[in-house]
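Worksheet: one structure, shown below.
Protein chains: 2
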Amino acid sequence: MTSTEKTSTEKTSTERTPLRPTRQRTAVVEAMASFDDFRSAQDIHDLLGRGATPVGLATVYRTLNALVEAGEVDMLRTEDGEAIYRRCSETHHHHLVCRSCGATIEVEGPAVERWTRSIAAEHGYADVSHTLEIFGTCRRCS
Amino acid sequence: MTSTEKTSTEKTSTERTPLRPTRQRTAVVEAMASFDDFRSAQDIHDLLGRGATPVGLATVYRTLNALVEAGEVDMLRTEDGEAIYRRCSETHHHHLVCRSCGATIEVEGPAVERWTRSIAAEHGYADVSHTLEIFGTCRRCS
DNA sequence: CGATCAATTGAGAATCGTTGTCAAAGTGGT
DNA sequence: ACCACTTTGACAACGATTCTCAATTGATCG
Ligand SMILES: [Zn+2]
Ligand SMILES: [Zn+2]
Ligand SMILES: [Zn+2]
Ligand SMILES: [Zn+2]
Numbered sequence: 001m002t003s004t005e006k007t008s009t010e011k012t013s014t015e016r017t018p019l020r021p022t023r024q025r026t027a028v029v030e031a032m033a034s035f036d037d038f039r040s041a042q043d044i045h046d047l048l049g050r051g052a053t054p055v056g057l058a059t060v061y062r063t064l065n066a067l068v069e070a071g072e073v074d075m076l077r078t079e080d081g082e083a084i085y086r087r088c089s090e091t092h093h094h095h096l097v098c099r100s101c102g103a104t105i106e107v108e109g110p111a112v113e114r115w116t117r118s119i120a121a122e123h124g125y126a127d128v129s130h131t132l133e134i135f136g137t138c139r140r141c142s
Numbered sequence: 001m002t003s004t005e006k007t008s009t010e011k012t013s014t015e016r017t018p019l020r021p022t023r024q025r026t027a028v029v030e031a032m033a034s035f036d037d038f039r040s041a042q043d044i045h046d047l048l049g050r051g052a053t054p055v056g057l058a059t060v061y062r063t064l065n066a067l068v069e070a071g072e073v074d075m076l077r078t079e080d081g082e083a084i085y086r087r088c089s090e091t092h093h094h095h096l097v098c099r100s101c102g103a104t105i106e107v108e109g110p111a112v113e114r115w116t117r118s119i120a121a122e123h124g125y126a127d128v129s130h131t132l133e134i135f136g137t138c139r140r141c142s
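Put into C-alpha cells, the structure is as follows:
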C-alpha cells in the first residue's frame with residue numbers, strides 16, 4: 001500500500017487492471033475467436049479442455065468477465081438465466097439471434113438509440129443504458 | 001410482453017391447465033398487485049410470509065411462472081441473472097427501470113416494433129420476438 | 001354429506017451456474 | 001537469484017431455481 005505509486009504518470013481514478021497476457025488468457029481469447037455464436041462458460045471450458053491448453057473453469061469465468069468488462073466480448077442471458085458469451089465488435093450494437101442454431105448477426109439502429117435516450121429523458125431518468133436482442137429462426141433453420 | 005405468441009387453438013375444457021384459484025394462488029396475485037416495481041421471488045415470498053397467508057417458496061415460484069406463462073406478469077433478469085417479476089398490462093410493452101430503487105415505467109415504441117420486424121425480415125429470420133429494457137437512475141435517486 | 005381422485009402444497013433435498021478461498025506456481029523488475 | 005505481486009486451479013461455498021413426494025385440499029358425483 002505504501003508505494004503502490006509507480007512512476008508519476010499513472011492512473012487517476014479508475015484503477016485499470018493490468019491484464020497480463022498469460023497462456024490461459026490468450027487461450028480463452030483464441031477460443032472466443034474460433035466460433036461465431038453465443039456460448040456458455042462451460043462450453044468454452046470444454047472446448048479448451050479438448051484442445052492443447054486446458055484452462056481451469058474459474059479462470060475461464062474470470063477471463064470472460066474481464067473481456068466483457070473490457071468490451072471485447074458481449075454477454076447476454078438465455079431465457080433460463082445462463083450467461084452466454086460472444087466475441088463482438090467494439091462499437092455499440094445489438095443482436096439478431098437464431099433461436100434454433102444460434103447464428104448471430106450484429107445490428108445497429110441509431111433510431112432506437114435515440115428513442116431510448118429520449119424516453120429516459122422524458123421521464124427524468126439519467127445515466128441511461130439498455131438491452132435489446134432480437135430472436136428468430138434463421139433461413140437455414142426454417 | 002416479451003417472448004413467443006401462443007397458439008389459440010385450445011381444447012374446450014376437458015384437458016389443458018385447470019389452474020384452480022386456491023388460497024395461496026390468490027395470495028400471490030394480490031401480493032403482485034400491492035407493489036409497482038420488479039421484485040424477486042424471494043422478496044414476494046417474504047412479503048407473503050409477513051402477511052396473514054404464508055405461501056411456500058416453491059409454490060411462489062410455481063405460481064409466478066404460471067402467471068408469466070399466462071401473460072399476467074412480466075419477468076426479466078437482473079444483470080446477475082436473477083429473475084424479477086412485476087404485474088403488468090397485457091399489451092406488448094417494454095420497461096424503463098430505475099437501477100437504484102426499481103421504479104418502473106411501462107413504455108411503448110411502435111417504431112421499435114417496426115424496426116425489429118424489418119431487421120429480422122431483411123436477414124431472413126422468421127417467427128420474430130425481442131427483448132428490450134431501458135435502465136437508468138430516476139429523478140428521486142439521482 | 002362422504003367417498004373418491006386428481007390437483008396442489010410445502011419442507012427439504014437436489015441441481016447447477018457462478019463466485020470465493022487459498023496455497024502453489026508464474027511473472028517482471030531489480 | 002530475490003522479491004513483491006499476479007495469476008491459477010482444485011475445491012468449497014453460495015444462491016437461485018427446480019424436484020421429490022407424502023400430506024392436504026378441492027371438486028364432483030351419488
Ligand atoms: Zn455483440
Ligand atoms: Zn443500443
Ligand atoms: Zn411489463
Ligand atoms: Zn417490443
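Protein chains in written order, with full-length UniProt numbering: chain A, 1 to 142; chain B, 1 to 142.
Positions of the beta carbon are idealized from the N, C-alpha and C atoms, including for glycine.
This one's a predicted model, so the numbers in the text were calculated from it and none came from an experiment.
Checklist entry - DSSP state of cysteine 138(B), grouped into three classes? => result Residue mapping note: residue 138(B) aligns to position 138 of the second sequence, counting from 1. In the structure shown, cysteine 138(B) sits in coil (DSSP, three-state: anything other than H, G, I, E or B).
Next on the checklist: Within 8 Å, do at least three Cβ pairs link the stretch 98-117 of chain A to the stretch 21-32 of chain A?
Outcome noted: Contact fails: fewer than three Cβ-Cβ distances are below 8 Å.
Next on the checklist: Counting only Cβ pairs nearer than 8 Å, list the residues of chain B close to glycine 136(A).
Outcome noted: Position 136 of the first sequence, counted from the first residue, corresponds to residue 136(A). Within 8 Å Cβ-Cβ: Ala120, Tyr125, Ala126, Asp127, Val128, Ser129.
Next on the checklist: Quick check: does the Cβ of valine 68(B) come within less than 7 Å of any heavy atom belonging to ligand 4?
Outcome noted: Walking along the second sequence from the start, residue 68(B) turns up at place 68. No - ligand 4 has no heavy atom lying nearer than 7 Å to the Cβ of valine 68(B).
Checklist entry - Interface residues of chain A around threonine 116(B) at Cβ under 7 Å? => result Residue mapping note: residue 116(B) aligns to position 116 of the second sequence, counting from 1. Within chain A, the residues near threonine 116(B) are Ile134.
Next on the checklist: Can you look up tyrosine 61(B) in the DSSP assignment and give me helix, strand or coil?
Outcome noted: For this step, residue 61(B) is matched to residue 61 along the second sequence. DSSP places tyrosine 61(B) in helix when its eight states are reduced to three.
Next on the checklist: For the pair the stretch 49-58 of chain B and the stretch 79-88 of chain B, tell me if three or more CB-CB distances fall below 8 Å.
Outcome noted: In short, these stretches do not touch, since the Cβ pair count stays below three.
Next on the checklist: Can you check whether the C-beta of isoleucine 44(A) is within less than 8 Å of a C-beta belonging to chain B?
Outcome noted: Locating residue 44(A) in the first sequence gives position 44, where the first residue counts as 1. Interface residue (Cβ-Cβ distance to chain B less than 8 Å): isoleucine 44(A) is not classified as such.
Item to check | Any chain B beta carbon closer than 8 Å to serine 142(A) | outcome: As a position in the first sequence, residue 142(A) is number 142, starting the count at 1. Under the Cβ criterion of 8 Å, serine 142(A) is counted among the residues facing chain B.
Next on the checklist: I'd like to know if the stretch 114-131 of chain A and the stretch 116-134 of chain B are in contact, where contact means that at least 3 CB-CB pairs between them fall below 8 Å.
Outcome noted: Inter-segment contact for the stretch 114-131 of chain A and the stretch 116-134 of chain B is present: three or more beta-carbon pairs are separated by less than 8 Å.
Next on the checklist: In chain order, what are the residue ranges of uninterrupted beta strand (DSSP E) at least 3 long that sit wholly in the stretch 90-137 of chain A?
Outcome noted: Fully enclosed beta strand (DSSP E) runs of no fewer than 3 residues occupy 94-98, 104-107, 126-137 of the stretch 90-137 of chain A, in order along the chain.
Item to check | Cβ shell of threonine 116(B) (< 7 Å), same chain only, five flanking positions each side left out | outcome: To locate residue 116(B), count along the second sequence from 1; it is residue 116. Correct list, in chain order: Val128, His130.
Checklist entry - Using DSSP with H/G/I as helix, E/B as strand and the rest coil, what is leucine 19(A)? => result Counting from 1 along the first sequence, the entry for residue 19(A) is found at position 19. DSSP places leucine 19(A) in coil when its eight states are reduced to three.
Checklist entry - Mind checking if arginine 62(A) is an interface residue toward chain B, Cβ cutoff 8 Å exclusive? => result Taking the first sequence and counting its residues from 1, one reaches residue 62(A) at position 62. Chain B, which has no Cβ nearer than 8 Å to the Cβ of arginine 62(A), makes this no.
Checklist entry - Is the Cβ of alanine 41(A) closer than 8 Å to any Cβ of chain B? => result Counting from one through the first sequence, the residue named residue 41(A) turns up at place 41. By this cut-off, alanine 41(A) is not an interface position.
Next on the checklist: Please list the terminal residues of the continuous alpha helix (DSSP H) segment that includes aspartate 74(A).
Outcome noted: Numbered from its first residue, the first sequence carries residue 74(A) at position 74. For aspartate 74(A), no alpha helix (DSSP H) segment is defined; the enclosing uninterrupted segment is the beta strand (DSSP E) at 73-77.
Item to check | Partner residues on chain B for arginine 20(A), Cβ-Cβ distance less than 7 Å | outcome: For the purposes of this step, residue 20(A) is taken as the residue at position 20 of the first sequence. The contact set of arginine 20(A) on chain B, defined by CB atoms closer than 7 Å, is empty, because the minimum CB distance reaches about 27 Å.
Checklist entry - Does any heavy atom of ligand 1 sit closer than 7 Å to the C-beta of glutamate 108(A)? => result On the first sequence, residue 108(A) is found 108 positions in, with the first residue counted as 1. No, Cβ of glutamate 108(A) sits at least 7 Å from all heavy atoms of ligand 1.
Checklist entry - Among the residues of its own chain, which have a CB less than 7 Å from the CB of alanine 103(B), if the five just before and after it don't count? => result Taking the first residue of the second sequence as 1, we reach residue 103(B) at position 103. Excluding residues within five positions, the ones whose Cβ falls inside 7 Å are Asp37, Cys138.
Checklist entry - Does the distance from the C-beta atom of glutamate 108(A) to that of histidine 95(A) stay below 8 Å? => result For this step, residue 108(A) is matched to residue 108 along the first sequence. For this step, residue 95(A) is matched to residue 95 along the first sequence. The answer is no: Cβ separation not under 8 Å.
Next on the checklist: Distance check for arginine 114(A) and glutamate 5(A), CA to CA, integer angstroms please.
Outcome noted: Here residue 5(A) refers to the residue found at position 5 of the first sequence. Here residue 114(A) refers to the residue found at position 114 of the first sequence. Only weak support exists for where glutamate 5(A) lies, its pLDDT of 34 falling under 50; the coordinates are left without a value.
Item to check | For threonine 59(A) and glutamine 24(A), believed in contact at Cβ under 8 Å, the rounded distance | outcome: In the first sequence, the residue the question calls residue 24(A) occupies position 24. In the first sequence, the residue the question calls residue 59(A) occupies position 59. Rounded to whole angstroms, the Cβ separation of glutamine 24(A) and threonine 59(A) is 5 Å, and the two are in contact under 8 Å.
Checklist entry - Any chance the CB of histidine 92(A) is under 7 Å from a heavy atom of ligand 1? => result The residue given as residue 92(A) occupies position 92 in the first sequence. Checking every heavy atom of ligand 1 against the Cβ of histidine 92(A), none is found closer than 7 Å.
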